[in-house]
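S.K.: Each residue of the sequence shown is one higher than the one before, counting from 1 in UniProt numbering.
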Amino acid sequence: MILALLLLVVALCVVLAGWAGWFVARDRAVILNQLWGGAVIEALILVQGVVAIVLGATGSGAGDPLLFWGYYATTLVILPVAAAWAFAERTRWSSVVLLVASLTVAFLEWRMWQIWTGA
Numbered sequence: 001m002i003l004a005l006l007l008l009v010v011a012l013c014v015v016l017a018g019w020a021g022w023f024v025a026r027d028r029a030v031i032l033n034q035l036w037g038g039a040v041i042e043a044l045i046l047v048q049g050v051v052a053i054v055l056g057a058t059g060s061g062a063g064d065p066l067l068f069w070g071y072y073a074t075t076l077v078i079l080p081v082a083a084a085w086a087f088a089e090r091t092r093w094s095s096v097v098l099l100v101a102s103l104t105v106a107f108l109e110w111r112m113w114q115i116w117t118g119a
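In structure tokens form, the structure reads like this:
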């Protein structure tokens with residue numbers, strides 16, 4: 001994994017969580033622009049997967065590949081599920097769902113870095 005890409009994903013997740021938190025505080029539902037922000041994060045996670053495959057094929061892969069790819073698969077699923085839920089739930093709770101999902105992805109990303117580096 002590339003640390004700069006990981007830090008970008010984590011930073012964007014924190015920004016999206018802050019944006020969703022602002023909407024929670026104002027008692028507002030998720031808007032389409034927030035879902036587009038989640039889509040950008042999801043695209044970066046897909047790029048991260050391609051990078052991980054290439055690095056793994058060249059011999060510098062994760063210390064525990066099964067655990068790493070399990071975390072990756074989970075990370076890949078969380079934002080789309082949260083987006084679908086937020087789209088269906090048109091109340092303040094949609095913003096709560098997006099907030100929790102964004103922070104979860106940020107923490108899972110950090111955990112994937114620990115698995116990758118063997119820390």
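Backbone N, C-alpha and C fix where the C-beta goes; we use that ideal spot for every residue, glycine too.
All values derive from a computational prediction rather than experimental measurement.
Near residue 21, what residues of its chain come up, given a Cβ to Cβ distance below 7 Å and the 5 sequence neighbours on each side ignored?
M.R.: 99
S.K.: Does DSSP put residue 62 in a helix, a strand or coil?
M.R.: DSSP places residue 62 outside both helix and strand once states are collapsed to three, so it counts as coil.
S.K.: Identify, in the order they occur along the chain, each residue of the same chain with its Cβ nearer than 6 Å to the Cβ of residue 202, setting aside the five sequence neighbours on each side.
M.R.: This structure does not reach residue 202, given that the chain is present from 1 up to 119, and the question cannot be answered.
S.K.: Got a sec, what are the start and stop residues for the alpha helix (DSSP H) residue 89 sits in?
M.R.: Note, residue 89: premise wrong, no alpha helix (DSSP H); not H, not E.
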